[in-house]
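Undergrad: Quick one: this structure, given as structure tokens, is what I'll be asking you about.
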Amino acid sequence: MRSVPVQLALAVGGPGLISLAEAGVVAEAAERAGVAAIRLADRSPHGTALDPAVVAAYLAGRTSGVGYLPVLPTRGNPPFTAARRLLSLDTATGGRSGAVLRPADQGGADPETRWIEYARVLSGLWAAFPGDGRPDGPVLVADLGPLGVSALAPVADVVVVDLTHAAGADAVLTQALRLAGRARGEVALLGRVRVARNGAGAGFAARLRAWVDEHLLDGVELAVDGGVDEILAALRALAARPVAPDLRAAFELRAAASPTPVPGVRGIGSGVRSGLTSRHANPSISGRLVDRPGHRSLGALR
1 MRSVPVQLAL
11 AVGGPGLISL
21 AEAGVVAEAA
31 ERAGVAAIRL
41 ADRSPHGTAL
51 DPAVVAAYLA
61 GRTSGVGYLP
71 VLPTRGNPPF
81 TAARRLLSLD
91 TATGGRSGAV
101 LRPADQGGAD
111 PETRWIEYAR
121 VLSGLWAAFP
131 GDGRPDGPVL
141 VADLGPLGVS
151 ALAPVADVVV
161 VDLTHAAGAD
171 AVLTQALRLA
181 GRARGEVALL
191 GRVRVARNGA
201 GAGFAARLRA
211 WVDEHLLDGV
221 ELAVDGGVDE
231 ILAALRALAA
241 RPVAPDLRAA
251 FELRAAASPT
261 PVPGVRGIGS
271 GVRSGLTSRH
281 ANPSISGRLV
291 DRPGHRSLGA
301 LR
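Under full-length UniProt numbering, the sequence shown is numbered contiguously, ending at residue 302.
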């Protein structure tokens with residue numbers, strides 16, 4: 001049976017969540033199982049989560065074959081700072097990092113519009129920063145549901161849909177990608193599977209494969225109920241995959257075209273950096289940038 005790409009959802013923190021030490025054990029087990037990436041939550045109803053970017057950096061020091069995807073809210077995170085941190089992590093891990101962009105909570109600008117602008121600014125900054133020769137930058141992940149498919153199709157590398165809503169998602173995504181000028185192979189569609197306690201018994205890997213085939217998915221995201229023991233049991237039940245050279249290969253993504261730099265970002269000056277790292281009093285990110293003298297061309301992001 002051919003194994004499927006797996007992304008593991010994890011919340012690391014204080015009481016009610018797995019500890020940082022336990023997360024290290026999970027990461028090592030995930031690497032042995034050939035898990036593509038670990039999604040690290042920035043919040044949880046069960047406890048206070050640690051900063052997922054810090055957790056990702058810690059875990060990346062313990063493994064070399066699994067990717068890390070910290071959740072990044074699009075409000076309260078200056079894009080220049082976020083782009084630098086994520087690109088540094090991606091470079092340090094040899095192309096095994098990215099981010100799950102979480103739409104801002106209601107309030108101010110439309111969350112979907114803000115998400116689109118934020119994602120485009122990040123991609124433009126990654127294209128503009130001096131890099132290591134890889135044109136595609138860190139992987140961007142988006143959840144279908146909080147965001148409409150037309151919003152995420154132009155920029156997302158991985159799209160996650162709840163398994164209960166996976167029927168027809170492939171056709172809808174394929175059409176949206178076509179309209180955005182992208183091929184279906186450039187984006188991985190994952191079905192989110194909620195694993196109940198003791199739900200990863202005999203035949204678990206076969207069930208995952210069957211769901212992937214039924215809904216034309218490219219892989220799954222596992223959200224396991226319980227603590228570290230339940231998570232480890234689910235990882236042991238997977239059909240192991242060989243370690244891929246980087247995160248894009250782990251998700252079997254077709255090579256992306258070089259992103260277009262955001263006009264005016266290369267050689268960015270301290271004035272623009274200050275604007276990018278502000279708290280965005282203007283709810284529109286690109287609007288904030290456009291308002292800066294000499295950078296009106298950023299209006300193309302609108």
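Note that CB positions come from ideal geometry on N, CA and C, so glycine has one too. Computed from a predicted model, the values in this text were never measured in an experiment.
1) In or out: Asn77 buried (at least 16 other Cβ within 10 Å) or exposed?
2) Enumerate in chain order the residues of its own chain whose CB-to-CB distance from Leu10 is below 8 Å, with the five nearest sequence positions on each side excluded.
3) Our contact map puts Ala83 next to Trp126 with C-beta atoms below 8 Å; I'd like the distance itself, whole angstroms only.
4) Taking DSSP as the reference, what is the three-state secondary structure of Arg197?
5) Leaving out five residues on either side along the sequence, give the residues of the same chain with a beta carbon under 6 Å from the beta carbon of Thr260.
6) Report all residues from its chain with a CB closer than 6 Å to the CB of Ala233; omit the five preceding and five following residues, and keep chain order.
7) Straight-line CA distance for Gly137 to Ser123?
8) Skipping 5 residues on each side, what residues in its chain have a beta carbon closer than 6 Å to that of Val71?
9) What does a CB cutoff of less than 8 Å around Leu20 pick up in its chain, not counting 5 residues either side in sequence?
10) Please specify which runs of the beta strand (DSSP E), each continuous and at least 3 residues long, are wholly inside the stretch 1-63, giving them in chain order.
11) Output the boundary residues of the beta strand (DSSP E) element that contains Gly124.
12) Relative to the C-alpha of Leu140, which candidate in Leu189, Gly14, Ala30 has its C-alpha closest?
13) Go through its chain and collect everything with a Cβ distance to Ala167's Cβ below 7 Å, but skip five positions before and after it.
14) Taking the alpha helix (DSSP H) that Arg207 falls in, what are its first and last residues?
15) Using a Cβ-Cβ cut-off of 8 Å (strictly less than) and excluding sequence neighbours within five positions of Gly196, which residues of its own chain qualify?
16) Can you tell which of Gly98, Arg85, Asn198, Thr81 has its C-alpha closest to the C-alpha of Gly7?
17) Please classify Leu253: does DSSP put it in a helix, a strand, or coil?
18) For Val35, I'd like the list of residues in its chain whose CB is within less than 6 Å of its CB, leaving aside the five on either flank, ordered along the chain.
19) In this structure, does DSSP put Asp229 in helix, strand or coil?
20) What residue from Thr113, Gly185, Thr74 has the CA that sits closest to Glu252's CA?
21) Report the three-state DSSP secondary structure of Pro79 (helix, strand or coil).
TA: With the given structure in hand:
1) By 1-based counting over the sequence shown, the position of residue 77 is 77. Looking at its Cβ environment, which holds 16 or more other Cβ atoms inside 10 Å, Asn77 is buried.
2) Locating residue 10 in the sequence shown gives position 10, counting from the first residue. Hits under 8 Å: Ile18, Ala23, Val26, Ile38, Arg39, Leu40, Ala41, Ile231.
3) Translated into the one-based positions of the sequence shown, residue 83 becomes position 83. Translated into the one-based positions of the sequence shown, residue 126 becomes position 126. That belief holds up - the Cβ atoms of Ala83 and Trp126 are roughly 6 Å apart, short of 8 Å.
4) Indexing the sequence shown from 1 puts residue 197 at position 197. Three-state DSSP puts Arg197 in coil, outside helix and strand.
5) Counting from one through the sequence shown, the residue named residue 260 turns up at place 260. Because Thr260 sits at a pLDDT of 44, beneath the cut-off of 50, its placement in the model cannot be relied upon, and the point is left open.
6) The residue labelled residue 233 in the question sits at position 233 within the sequence shown. Ala200, listed in sequence order.
7) As a working note, residue 137 is residue 137 in the sequence shown. As a working note, residue 123 is residue 123 in the sequence shown. Their backbone Cα atoms lie some 8 Å apart in a straight line.
8) Along the sequence shown, one-based indexing puts residue 71 at 71. Cβ neighbours of Val71 beyond the five flanking positions: Ala41, Asp42, Pro52, Val100, Arg102.
9) As a working mapping, residue 20 is identified with position 20 in the sequence shown. Cβ neighbours of Leu20 beyond the five flanking positions: Val12, Leu50, Val55, Tyr58.
10) 6-10, 37-40
11) Residue numbering aside, residue 124 sits at position 124 when the sequence shown is read from its first letter. Gly124 -> not in any beta strand (DSSP E); alpha helix (DSSP H) instead, spanning 111-128.
12) The residue given as residue 140 occupies position 140 in the sequence shown. It is Leu189 whose Cα lies nearest to the Cα of Leu140.
13) Your numbering for residue 167 matches position 167 in the sequence shown. Excluding residues within five positions, the ones whose Cβ falls inside 7 Å are His215.
14) Sequence index remark: in the sequence shown, residue 207 carries index 207 (1-based). 204-215 is the span of the alpha helix (DSSP H), which, as asked, contains Arg207.
15) To locate residue 196, count along the sequence shown from 1; it is residue 196. The question names Gly, but residue 196 is Ala in the sequence shown. Same-chain partners within the cutoff: Asp225.
16) Against the sequence shown, residue 7 aligns to sequence position 7. Sequence check: residue 7 is Gln here, not Gly. For Gln7, the nearest C-alpha among the options comes from Gly98.
17) Numbered from 1 along the sequence shown, position 253 holds the residue referred to as residue 253. Three-state result, Leu253: coil.
18) Looking up residue 35 in the sequence shown gives position 35. Excluding sequence neighbours, Val35 sits near Val6, Leu8, Val66.
19) Start at 1 with the first residue of the sequence shown, and residue 229 comes out as number 229. In this structure, Asp229 counts as helix in the three-state DSSP scheme.
20) Translated into the one-based positions of the sequence shown, residue 252 becomes position 252. Selected option, being the one with the closest Cα: Gly185.
21) Translated into positions along the sequence shown, residue 79 becomes position 79. Pro79 falls in the helix class under three-state DSSP.
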